[in-house]
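For the sequence shown, position 125 matches number 125 in UniProt numbering, and the numbering has no gaps at all. For every residue, glycine included, the Cβ atom is placed at its ideal position computed from N, Cα and C. As the structure is a prediction and not an experimental result, all values here were calculated from the model.
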Amino acid sequence: MSNESLANLLKEERRFAPPADLAADANVTAAAYEQAKADRLGFWAEQARRLTWAKEPTETLDWSNPPFAKWFKDGTLNVAYNCVDRHVEAGHGDRVAIHFEGEPGDSRALTYAELKDEVSRAANALLELGVRKGDRVAVYMPMIPETAIAMLACARIGAAHSVVFGGFSADALATRIQDADARVVITSDGGYRRGKPSALKPAVDEAVERAGIVEHVLVVRRTGQEVAWDDTRDVWWHEAVGRQSAAHTPEAFDAEHPLFILYTSGTTGKPKGILHTSGGYLTQTAYTHWAVFDLKPDTDVFWCTADVGWVTGHSYIVYGPLANGATQVMYEGTPDTPHQGRFWEIVQKYGVSILYTAPTAIRTFMKWGDDIPAEYDLSSLRVLGSVGEPINPEAWVWYRKNIGADRTPVVDTWWQTETGAMMISPLPGVTEAKPGSAQRPLPGISATVVDDEANEVPNGGGGYLVLTEPWPSMLRTIWGDDQRFLDTYWSRFEGRYFAGDGAKKDDDGDIWLLGRVDDVMLVSGHNISTTEVESALVSHPSVAEAAVVGAADETTGQAIVAFVILRGTAEETESLVADLRAHVGTALGPIAKPKRILPVAELPKTRSGKIMRRLLRDVAENRELGDVTTLTDSTVMSLIQDKLPATA
Ligand code: 6R9
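Structure representation (structure tokens):
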């Protein structure tokens with residue numbers, strides 16, 4: 001990147017004040033920022049008291065060996081006890097913890113009392129299989145309650161889980177099993193995806209064969225499909241767990257005891273095993289889930305649509321909501337099975353009051369049309385959340401209007417697998433919201449934007465997002481590779497955590513995320529963010545989704561190439577393409593006008609829904625495609641390549 005900071009192009013003037021009734025009764029008020037600023041560690045010590053500790057910590061942060069943090073290090077607790085047992089002890093045993101909705105339409109409600117029994121049985125079964133405190137267990141599952149139960153059972157006995165997303169290949173699973181040295185794998189015969197059973201066990205069989213270290217495979221029966229069986233290794237969950245006693249006394253572990261490893265694929269190199277520990281992680285996931293969603297556990301119904309295989313599912317399906325004793329919905333399948341109104345049918349059925357989803361889903365709903373959500377009663381909703389990518393202002397406004405009846409706050413939450421929990425986000429009862437901006441670090445969090453020389457940029461300036469103080473749910477290291485932890489996150493800017501995202505500060509000092517630094521384009525000496533050009537395109541009524549990349553160009557260094565998905569009725573014509581170029585020029589200035597605009601049917605995305613611009617850059621530069629293994633649908637790329645004129 002050149003020395004020049006990111007061009008600050010987009011001007012978004014719309015503002016949305018918090019609803020008065022929500023603000024009047026909000027869990028968090030503006031005073032929290034002041035309190036945390038005056039005494040950051042005192043603030044986190046207070047948040048740690050949300051948890052039930054076997055031994056209360058007396059030291060909040062040990063930062064004597066930075067960047068290796070120890071939070072609440074002399075405290076001890078059991079994470080599963082905090083997520084389950086204590087709610088039963090407090091008299092909430094009959095409260096529903098999980099409303100499970102299977103894709104075929106089967107449903108099942110699990111109360112906290114039932115969850116406690118199930119987690120205890122699963123913990124006893126893992127002990128019987130020889131799993132001990134400090135071991136690692138791989139989890140390769142569909143979105144069913146047993147996935148959360150398996151994770152909590154590991155936590156209960158002090159084993160770290162390593163959840164591998166069920167859409168990953170046998171190869172990816174084998175690498176992760178080996179890296180974590182997992183001796184037990186928890187899986188299922190399969191799960192339901194797009195109207196039919198989709199197998200998981202065959203990939204496990206192959207991965208286990210390849211890894212060569214797995215002793216037991218615990219298999220949940222979900223679909224009833226045929227599975228190959230190895231009697232020396234495989235055990236059915238309903239047998240091994242079913243015969244156990246529901247009594248299990250949780251042991252207290254150190255606050256810094258490993259809770260889980262979660263691999264981030266990254267764009268290059270071997271996946272990084274992000275290590276999270278117990279006390280700090282649970283403190284920040286519980287606090288943020290309560291504060292950012294204004295959670296009222298007695299009345300709210302929460303739904304996070306992420307897969308448990310991603311960090312969003314770890315922190316905001318399993319640990320945050322359950323630590324808070326919330327009632328939540330867990331949905332197994334895809335948003336368009338059996339029809340495109342499925343999400344809204346679920347919101348209506350369970351009276352969902354807080355919905356947490358991703359920009360990629362919101363843009364898909366926009367493309368499907370406003371009339372679909374309009375058929376359902378969504379009046380139970382009171383807070384909407386977004387995570388995973390920068391949300392284009394137009395998608396933000398659509399979400400608020402069509403899903404939130406122009407009434408609910410939208411919270412755009414920025415965080416990463418590495419941060420463990422939300423870091424930058426509006427608060428629904430406090431913040432005057434700006435569509436497309438995550439706005440402000442949460443109370444107790446310190447973040448800023450710096451230039452190439454590590455100088456903090458003034459308001460109106462752009463550069464790199466950095467975190468300037470340690471936070472409770474921060475990653476502790478990369479599993480087995482402290483040096484890579486230092487190199488990746490702590491060497492770019494002295495003493496600061498480098499997130500890898502571009503960002504700018506507006507005139508009020510609010511933060512706007514601009515996408516991954518690797519994706520930033522350099523056009524005639526100007527750094528231009530992919531996010532801003534995409535948002536300008538999405539603000540045109542004919543565009544549902546857009547991905548832009550910088551392709552090598554003899555005159556300008558890089559030239560902007562845009563791939564767009566048109567909305568329902570829009571027709572792909574030369575005049576529309578000219579109109580789109582002009583529209584971007586008006587919104588952002590002539591420098592940001594794409595040189596080429598290609599309407600396409602689909603965009604390449606990772607399995608967690610993030611646009612893979614790297615592959616589009618390969619297409620735009622007529623190169624052979626790089627690694628496509630993390631792509632959801634590999635046929636997408638050939639469709640896009642077919643669109644390109646041969647002479648391009
Ligand atoms: C939680 C999660 C992390 C990367 C992150 C950034 C992007 C996530 C965002 C956002 C802008 C938001 N990202 N939330 N960008 N605004 N609200 O997604 O974790 O899968 O590790 O991805 O996602 O680029 O650095 P993870």
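Nearest-angstrom Cα separation, counted from residue j out to residue i
| i | j | result |
| --- | --- | --- |
| Gly105 | Trp344 | 14 angstroms |
| Arg407 | Phe16 | 9 angstroms |
| Val523 | Leu200 | 45 angstroms |
| Asp211 | Thr305 | This sequence places Ala at residue 211; Asp is not what is there. Going by the C-alpha atoms only, they are around 31 angstroms apart. |
| Arg516 | Gly502 | 6 angstroms |
| Leu486 | Lys270 | 16 angstroms |
| residue 650 | Leu616 | Any question about residue 650 goes unanswered here, given that the chain covers just 1 to 648. |
| Asp85 | Lys116 | 6 angstroms |
| Gly224 | Ser198 | 11 angstroms |
| Ile528 | Val549 | 10 angstroms |
| Ile424 | Gln439 | 7 angstroms |
| Gly333 | Arg193 | 5 angstroms |
| Gly609 | Asp307 | 11 angstroms |
| Val219 | Ile186 | 6 angstroms |
| Gly460 | Lys504 | 7 angstroms |
| Asp230 | Met143 | 25 angstroms |
| Arg49 | Ala32 | 16 angstroms |
| Ser169 | Ala30 | 46 angstroms |
| Glu209 | Thr76 | 38 angstroms |
| Leu127 | Ala150 | 12 angstroms |
| Asp627 | Glu554 | 26 angstroms |
| Tyr331 | Ala552 | 43 angstroms |
| Gly191 | Leu41 | 44 angstroms |
| Asp21 | Glu624 | 56 angstroms |
| Asn402 | Glu118 | 39 angstroms |
| Ser2 | Glu453 | Residue placement at Ser2 cannot be trusted, given a pLDDT of 39 that sits under 50; what the coordinates show is reported in the next sentence. Ser2 and Glu453: Cα-Cα distance of roughly 11 angstroms. |
| Asp62 | Glu256 | 11 angstroms |
| Ala38 | Thr448 | 18 angstroms |
| Pro18 | Thr417 | 29 angstroms |
| Ala559 | Trp53 | 56 angstroms |
| Gly557 | Arg400 | 39 angstroms |
| Asn227 | His314 | Per the sequence shown, the amino acid found at residue 227 is Val instead of Asn. When rounded, the distance between both Cα atoms is 28 angstroms. |
| Val520 | Tyr81 | 45 angstroms |
| Glu4 | Val457 | Confidence at Glu4 is low in this model, with a pLDDT of 45, below 50, so its placement is unreliable and the value that follows should be read with caution. Cα to Cα, Glu4 sits roughly 12 angstroms from Val457. |
Nonlocal neighbours in the same chain, by C-beta distance under 7 angstroms from residue i, ignoring five residues either side
| i | result |
| --- | --- |
| Gln641 | Val619 |
| His92 | Tyr112, Gly325 |
| Phe43 | Gln35, Ala36, Pro443, Gly444 |
| Lys11 | none |
| Thr58 | Asp74 |
Own chain, CB closer than 6 angstroms to residue i, minus 5 neighbours either side, in chain order
| i | result |
| --- | --- |
| Gly320 | Thr285, Ala286, His289 |
| Pro426 | Val411, Ala433, Gln439 |
| His276 | Leu259, Phe260, Gly420 |
| Asp507 | Asn459, Gly460 |
| Tyr350 | His99, Val301, Val329 |
| Leu110 | Ala97, Ile98, Pro145 |
| Tyr489 | Tyr497, Phe498 |
| Thr632 | Lys605, Arg607 |
| Ala323 | Asn82, Cys83, Leu282, Ala286 |
Identified DSSP bridge partners for residue i
| i | result |
| --- | --- |
| Ser198 | Gly191 |
| Met637 | Bridge partners of Met637: none, in fact. |
| Val516 | Correcting the residue identity first, residue 516 is Arg in this sequence and not Val. Partner(s): Asp501. |
| Glu101 | Ser107, Tyr331 |
| Ala552 | Gln558 |
| Lys605 | Ile611 |
| Lys448 | According to the sequence as given, residue 448 is Thr; it is not Lys. Partner(s): Val466. |
| Trp303 | Val329, Leu355 |
| Ser386 | Thr357, Asp412 |
| Leu275 | Ile261, Thr477 |
| Leu522 | Asn527 |
| Phe563 | Ala547, Leu598 |
| Ile511 | Gln439, Lys505 |
| Phe72 | Answer is none; Phe72 lacks a bridge partner. |
Proximal residues to residue i (C-beta, below 8 angstroms), its chain only, five neighbours per side dropped
| i | result |
| --- | --- |
| Val600 | Phe563, Val564, Ile565, Leu639, Ile640, Lys643 |
| Gly480 | Asp179, Gly273 |
Min CB distance residue i to chain D below 9 angstroms
| i | result |
| --- | --- |
| Gly191 | As a matter of chain content, chain D is missing from the structure shown, which is built from one protein chain. |
What is the chain-ordered set of residues for which the beta carbon lies under 7 angstroms from any non-hydrogen atom of the ligand 6R9?
-> Thr264, Trp310, Val311, Thr312, Ser386, Val387, Gly388, Glu389, Pro390, Ile391, Asp412, Thr413, Trp414, Trp415, Gln416, Thr417, Glu418, Ala438, Ala499, Gly500, Asp501, Leu513, Gly515, Arg516, Ser608, Lys610
Taking 8 angstroms as the threshold, find out whether the stretch 583-597 comes into contact with the stretch 536-546 through three or more Cβ pairs.
-> yes
Assess, as a yes-or-no matter, whether the stretch 382-395 is touched by the stretch 463-473 under the definition of 3 or more beta carbon pairs within less than 8 angstroms.
-> The stretch 463-473 vs the stretch 382-395: no contact.
Stretch pair the stretch 123-137 + the stretch 292-304: three plus CB contacts closer than 8 angstroms = Under the 8 angstroms Cβ criterion, the stretch 123-137 does not count as touching the stretch 292-304, having fewer than three qualifying pairs.
Are at least three pairs of beta-carbons, each pair with one atom in the stretch 155-163 and one in the stretch 241-253, less than 8 angstroms apart?
-> yes
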